Each structure stands twice: as structure tokens, then as C-alpha cells.
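Participant: Here it is, the structure in full.
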Amino acid sequence: MQVLSVASEVYPLVKTGGLADVAGALPLALKSHGVSVKTLMPGYPAVMRVIEDPKVIYSFESLLGAKADLLSVHHQGLDLLVLDSPTFFDRPGGPYADATGKDHFDNWRRFAALSKAGAMIAQGILARGASEGQDEGWRPDVVHVHDWQAAMVPAYMRYSRAPEIPTLITIHNIAFQGQYGADIFPYLEMPPHAYGIEGVEYFGGVGYLKAGLQTSWAISTVSPSYAEEILTPEFGMGLEGLLNLRQGDLHGIVNGIDADVWDPAKDHSVKAHYTAATLKSRADNKKAVAERFGLDQDDGPLFCVISRLTWQKGMDMLAACTDELVAQGARLAVLGSGDKALENAFHTAAARHPGRVKVLSVYDEPLSHLMQAGSDAIVIPSRFEPCGLTQLYGLRYGCVPVVARTGGLNDTVIDASHAALAAKAATGIAFGPITTDNLRRALRRAVKLYHEPKIWTALQKQGMKSDVSWEKSAGLYADLYKTLLAKKGS
Ligand code: ADP
6 MQVLSVASEV YPLVKTGGLA DVAGALPLAL KSHGVSVKTL MPGYPAVMRV IEDPKVIYSF
66 ESLLGAKADL LSVHHQGLDL LVLDSPTFFD RPGGPYADAT GKDHFDNWRR FAALSKAGAM
126 IAQGILARGA SEGQDEGWRP DVVHVHDWQA AMVPAYMRYS RAPEIPTLIT IHNIAFQGQY
186 GADIFPYLEM PPHAYGIEGV EYFGGVGYLK AGLQTSWAIS TVSPSYAEEI LTPEFGMGLE
246 GLLNLRQGDL HGIVNGIDAD VWDPAKDHSV KAHYTAATLK SRADNKKAVA ERFGLDQDDG
306 PLFCVISRLT WQKGMDMLAA CTDELVAQGA RLAVLGSGDK ALENAFHTAA ARHPGRVKVL
366 SVYDEPLSHL MQAGSDAIVI PSRFEPCGLT QLYGLRYGCV PVVARTGGLN DTVIDASHAA
426 LAAKAATGIA FGPITTDNLR RALRRAVKLY HEPKIWTALQ KQGMKSDVSW EKSAGLYADL
486 YKTLLAKKGS
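If you're matching positions, the sequence shown starts at 6 in the working numbering and goes up one per residue.
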């Protein structure tokens with residue numbers, strides 16, 4: 006089976022969050038299920054710099070007003086279709102925002118262009134257009150798009166004379182919806198009737214994610230709990246009505262992790278390799294983390310955070326707990342950036358507690374690996390969390406997750422209750438309802454358990470046994486693709 010995946014970020018080429026990890030790892034995991042994936046992504050400077058031997062396989066004279074080439078690229082096991090359009094993608098800053106953090110002014114056009122290119126590939130431009138190379142004749146059986154940046158693919162397909170091809174949209178975070186004014190509609194190159202409640206219209210404007218949810222054959226999100234949560238006004242962020250109508254087509258499939266990239270027995274970024282049988286070696290990594298963060302060296306617990314510093318991630322609650330955490334002899338290493346007020350809250354806590362709290366506001370992938378390998382616990386007090394990946398890395402690395410009971414955190418971490426400990430099932434510490442007081446209690450519980458080495462080691466070992474690989478989930482995606490294909494035939 007041939008699948009076209011469309012995503013705005015793909016690890017290891019460009020990453021701002023979990024979406025990239027999924028878009029980079031799922032195609033590899035699907036191979037053993039007989040599914041081969043080509044991934045369409047934008048040709049940002051960071052992508053164009055590293056790709057080798059790109060072949061132009063199609064040229065758009067005008068893709069929403071700009072020239073663009075489609076490049077076929079093979080990169081670290083991934084089959085990529087890179088949309089090379091300097092007008093849209095060759096600029097400083099990140100994938101979505103400039104260096105000052107301000108959204109690129111034309112994101113609506115950039116990601117509509119990406120989506121239109123995806124729809125045209127689904128319509129068979131590579132089947133007709135290519136004159137040489139292995140992509141000649143290529144046409145997907147299923148189209149799988151990710152988040153709002155690619156959500157217009159199924160809408161473009163719906164409003165063109167495309168052959169009927171099954172589509173799946175995956176929601177990685179419903180908080181990001183790509184909502185714009187009605188004034189952009191004339192520039193989207195869609196027929197007038199697309200601007201309606203059955204199409205791209207959303208609260209009097211244009212909603213990209215809404216359009217995708219409306220026009221895709223099926224919808225999935227990245228954990229069963231989040232699939233239920235987004236049906237409620239509290240989590241649905243305005244889309245719960247539409248999602249309730251489409252409940253029969255809504256699936257929750259938990260993310261896996263790339264177990265080769267994230268393997269404490271051979272990770273290049275850690276100081277000392279280890280397995281569940283050699284957990285003591287983590288001590289060298291712990292020392293290295295403390296050193297990198299300029300924290301004291303001692304035997305107390307070292308907590309870490311690897312996260313966007315935002316309200317969603319509950320970082321305001323954690324910042325409010327730092328004094329008590331320090332009073333209990335713990336240290337806290339924070340890697341992340343985001344809201345300036347939250348960054349400042351951690352910087353202020355660090356100034357109050359030199360040697361005990363430190364925040365590094367940079368994006369540092371190797372350091373994130375070292376932190377999972379050396380910290381005792383990772384704190385993830387998210388108010389909502391579609392899946393969450395850092396708790397999965399934590400489980401694999403024996404870095405005990407302390408999590409809020411929500412979404413994918415709820416589905417992947419088993420709380421150290423008496424019953425779960427007795428059944429040797431516990432893998433972390435979970436708290437709810439999600440309040441600062443309950444987080445404070447959870448942290449206190451974590452410190453207490455840390456000082457009971459037998460229990461703590463059992464938690465680490467049980468976590469390391471958890472199946473966090475893509476194997477099972479990739480099988481679920483493959484089954485879903487097959488179900489959609491069968492619908493096409495029926
Ligand atoms: P989200 O996608 O909502 O940001 P996830 O937990 O799903 O949250 O994914 C976050 C990913 O980004 C993880 O792979 C995490 O390790 C990584 N990450 C977050 N902040 C940083 C940072 N400052 N440096 C390195 N990696 C980071």
C-alpha cells in the first residue's frame with residue numbers, strides 16, 4: 006500500500022514538537038506492515054541545507070501565485086517529497102514564526118500551498134508528469150495529513166475532480182487550528198461553494214483544521230483519552246460540535262517513539278550507556294546533567310522538564326512549586342522556552358535558588374537525551390496533552406514521569422498506587438484533578454518514593470519494560486488505512 010503523508014515538520018530535518026517525531030518515525034515503523042510512505046514537507050532552509058541529491062520531479066508554474074518545485078529526496082530511511090518554493094519557505098526564522106517569535110505574515114498562503122500540492126499529488130500529477138526516475142507513475146492509495154498546516158489537503162481534494170482517495174487527518178493538538186479571515190478565501194483557488202459550513206467556512210472566516218475535519222474520510226488523534234476529551238467543550242476548543250457529529254469516524258492511536266534514536270544502551274548523547282540491569286550507570290549521566298546546568302552535585306533527587314514553557318504544559322503551576330521542591334532537597338533542571346512570563350518565573354526561581362534550580366531557554370536535542378538519561382524524574386503537569394512524548398522517553402530511560410492525568414499521559418503512565426505497586430505495574434506518578442496543590446502533592450510523593458530505593462528502582466524498571474515502540478500503533482494505523490480502502494471499494 007502506498008501512502009502520501011503531509012506534514013509541516015519531520016524529524017530529523019525540522020522539529021518544533023511532537024508532530025515532527027511522529028511524522029519522522031511512523032513511516033519507518035509502517036514498512037514492516039507492508040505500507041510504504043512518501044512524506045510531503047516544505048523546503049525550509051534547514052531542509053534544503055541537508056538534503057542530498059534532490060531530483061526535481063514536478064514543477065508548479067504557479068502554486069497559489071508562486072513558483073515551486075517538487076523534489077524527490079531520500080533521507081535517513083525516509084522517502085520525501087520536498088516542496089521547494091523560495092517565495093514561501095526560503096526565509097529566516099522557524100517553520101511558523103520569524104526570529105522574534107511573530108508568526109510569518111503569510112502562513113495561510115504557505116500552508117494552503119503545501120496542502121494544494123498534496124492534493125495535486127493525490128490527483129496523480131506524479132503519475133502523469135514525471136518523465137524519469139522512480140517516482141514515475143506514483144499515486145497514493147491513501148492520504149494521511151497532520152494538523153492544521155496540512156489540513157486543507159482533503160478540502161482541496163474534495164473540491165477538485167480528484168479520484169476518490171481515502172483521507173485521514175491526525176490531530177496532534179487541537180489548540181492550533183489555522184483560523185483566518187474570510188478575506189483570504191478568494192486567494193485559495195477553491196470554487197465558491199467551498200466557502201460553506203460543509204467546507205472551509207468557520208465562524209465567519211476560514212478554518213484550516215475545521216476544513217480538514219469536515220472533509221477527511223476519517224479523523225484520528227494521538228491517544229484514546231484525548232479522542233474522548235476533544236468531544237467536550239473544555240478540550241474541543243470550538244470543534245467539539247463537529248467532532249461529535251463525526252464521532253463514528255474518530256480514532257485514538259497513541260504515539261510510539263523511535264526506539265533506535267531513543268535507546269539508553271547506545272544513545273550518542275549520553276555520557277554512560279545503561280540498561281534496566283545496569284541502572285547504577287545513570288549516576289554518571291546525573292552528574293553530567295547537574296554540571297551542564299550548573300547545579301549542585303549531591304544525592305538528592307534531580308527533577309527535569311523538557312518542554313515548551315506554556316500554560317498548556319502547566320508550567321505556571323510548576324513554577325509555583327519550586328520553593329517547596331527545593332526545600333525538600335530536590336534540584337530542578339528546566340530545558341525549554343516559550344511564554345516570556347513563564348521563562349521569567351523560572352529564571353526568578355533560579356535566582357532565588359542558585360545551584361538548585363536552573364533554566365536553559367534553548368532548543369537542544371542532545372541535551373534532552375542526556376537529561377532523560379540522568380534525571381531521576383521528568384515533570385509533565387500539562388492541563389491537556391494529546392499524547393505527549395517526553396513521558397515515553399522518560400519511561401524508556403528510567404526517568405520516572407510525574408504527570409497530570411490527562412490525554413496521552415493518562416494512557417501511558419501507571420500511577421504508583423498501593424495496588425499498582427503491589428501488582429508490579431506502576432511506572433510513574435500521576436495526579437488529578439489538575440491543580441497546583443495536587444502537583445505539589447505529587448512532587449512530594451515523588452521525593453518520598455525516591456528515598457525508598459527499592460520502590461524507585463522498581464518504578465524505573467517497570468517503566469523501561471513498557472512497550473513505547475511504534476510497533477503496535479503502526480499496526481493500528483495500517484489497519485485503519487485498510488479499513489478506509491475497503492470503504493472505497495464498497
Ligand atoms: P509538544 O509537541 O506539545 O510540544 P510533545 O511532548 O509531544 O509536546 O513533544 C515535544 C518534543 O519536543 C519532545 O521530543 C521533546 O523532547 C522535545 N523538546 C521540547 N522542548 C525541547 C527543548 N528545549 N530542547 C530539546 N527538545 C525539546
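For every residue, glycine included, the Cβ atom is placed at its ideal position computed from N, Cα and C.
On a predicted model such as this, the values are computed, not experimentally measured, just so you know.
From the DSSP output, in three-state form, read off P47 for me.
Facilitator: It is a strand residue.
Participant: Please report the straight-line C-alpha distance between R166 and H38, rounded to a whole angstrom.
Facilitator: In a straight line, the C-alpha of R166 is about 31 angstroms away from that of H38.
Participant: Is DSSP giving A270 helix, strand or coil here?
Facilitator: It is coil, neither helix nor strand.
Participant: Determine which residues share a DSSP beta bridge with V203 and list them.
Facilitator: Here residue 203 turns out to be Glu, not Val, going by the sequence shown. Partner(s): none; E203 has no beta bridge.
Participant: Does DSSP put F190 in a helix, a strand or coil?
Facilitator: Three-state DSSP puts F190 in a helix.
Participant: Thinking C-alpha only, which one of L464, D265, G183 is nearest A428?
Facilitator: Among L464, D265, G183, the Cα nearest to that of A428 is on L464.
Participant: Whole-angstrom Cβ separation of G437 and A409, contact assumed at under 8 angstroms?
Facilitator: That pair is a contact at about 6 angstroms.
Participant: Tell me which residue opens and which closes the beta strand (DSSP E) that A382 is part of.
Facilitator: Element bounds for A382: 382-385.
Participant: Alpha carbon to alpha carbon, how far is L337 from F308? Give it in angstroms, no decimals.
Facilitator: F308 and L337: Cα-Cα distance of roughly 5 angstroms.
Participant: Below 8 angstroms, can you find three or more Cβ-Cβ pairs linking the region 204-217 to the region 177-195?
Facilitator: Contact holds: three or more Cβ-Cβ distances are below 8 angstroms.
Participant: Just the C-alpha distance for G299 and G360, rounded to the nearest angstrom, thanks.
Facilitator: Cα to Cα, G299 sits roughly 6 angstroms from G360.
Participant: Can you name the start and end residues of the alpha helix (DSSP H) that K453 belongs to?
Facilitator: Per DSSP, K453 belongs to the alpha helix (DSSP H) from 441-455.
Participant: Can you find the residues in the same chain that come closer than 7 angstroms, C-beta to C-beta, to A232, ignoring five residues on each side of it along the sequence?
Facilitator: Correct list, in chain order: T226, L255, H256, G257.
Participant: Under the three-state reduction of DSSP, which class applies to E476: helix, strand or coil?
Facilitator: E476: helix per DSSP, three-state reduction.
Participant: Does the beta-carbon of V384 have 16 or more other beta-carbons within 10 angstroms, so that it is buried, or is it exposed?
Facilitator: Buried, since its Cβ has 16 or more Cβ neighbours within 10 Å.
Participant: With DSSP collapsed to three states, give me the class of E66.
Facilitator: The answer is strand: DSSP assigns E66 an E or B state.
Participant: Once DSSP output is grouped into helix, strand and coil, what is the label at H358?
Facilitator: Residue state, collapsed to three classes: coil.
Participant: On a CA-only basis, which of L236, H151, R251 is nearest K245? Give me that one, please.
Facilitator: Per the sequence shown, residue 245 should be read as Glu rather than Lys. Of the listed residues, the one whose Cα sits closest to E245 is L236.
Participant: For H80, write down the residues that DSSP places opposite it in a beta bridge.
Facilitator: L83.
Participant: Can you give me the start and stop residues for the beta strand (DSSP E) that F110 sits inside?
Facilitator: From DSSP, F110 is part of no beta strand (DSSP E); its letter is neither H nor E.
Participant: Excluding sequence positions up to five away, which residues of its chain have a Cβ less than 8 angstroms from the Cβ of D152?
Facilitator: Once the five neighbours on either side are set aside, the close Cβ partners of D152 are A12, S13, L24, T175, I176, H177, N178, F181, L214.
Participant: What residue does the beta strand (DSSP E) around G212 start on, and which one ends it?
Facilitator: 210-212 is the span of the beta strand (DSSP E), which, as asked, contains G212.
Participant: List the DSSP bridge partners of V275.
Facilitator: Paired residue(s): none; V275 is not in a bridge.
Participant: Thinking C-alpha only, which one of M469, E370, L33 is nearest L397?
Facilitator: For L397, the nearest C-alpha among the options comes from M469.
Participant: Spatial neighbours of S230 within its chain, please: CB distance less than 6 angstroms, with the 5 preceding and 5 following residues excluded, ordered by chain position.
Facilitator: Once the five neighbours on either side are set aside, the close Cβ partners of S230 are G412, N415, D416.
Participant: From the DSSP output, in three-state form, read off L173 for me.
Facilitator: Correct three-state label for L173: strand.
Participant: For G261, does the three-state DSSP call read helix, strand or coil?
Facilitator: The answer is coil: DSSP assigns G261 none of H, G, I, E or B.
Participant: Using a Cβ-Cβ cut-off of 6 angstroms (strictly less than) and excluding sequence neighbours within five positions of Q139, which residues of its own chain qualify?
Facilitator: Interpretation of Q139 is limited by its pLDDT of 49, a score under 50 that renders its predicted location unreliable; no figure is taken from the coordinates.
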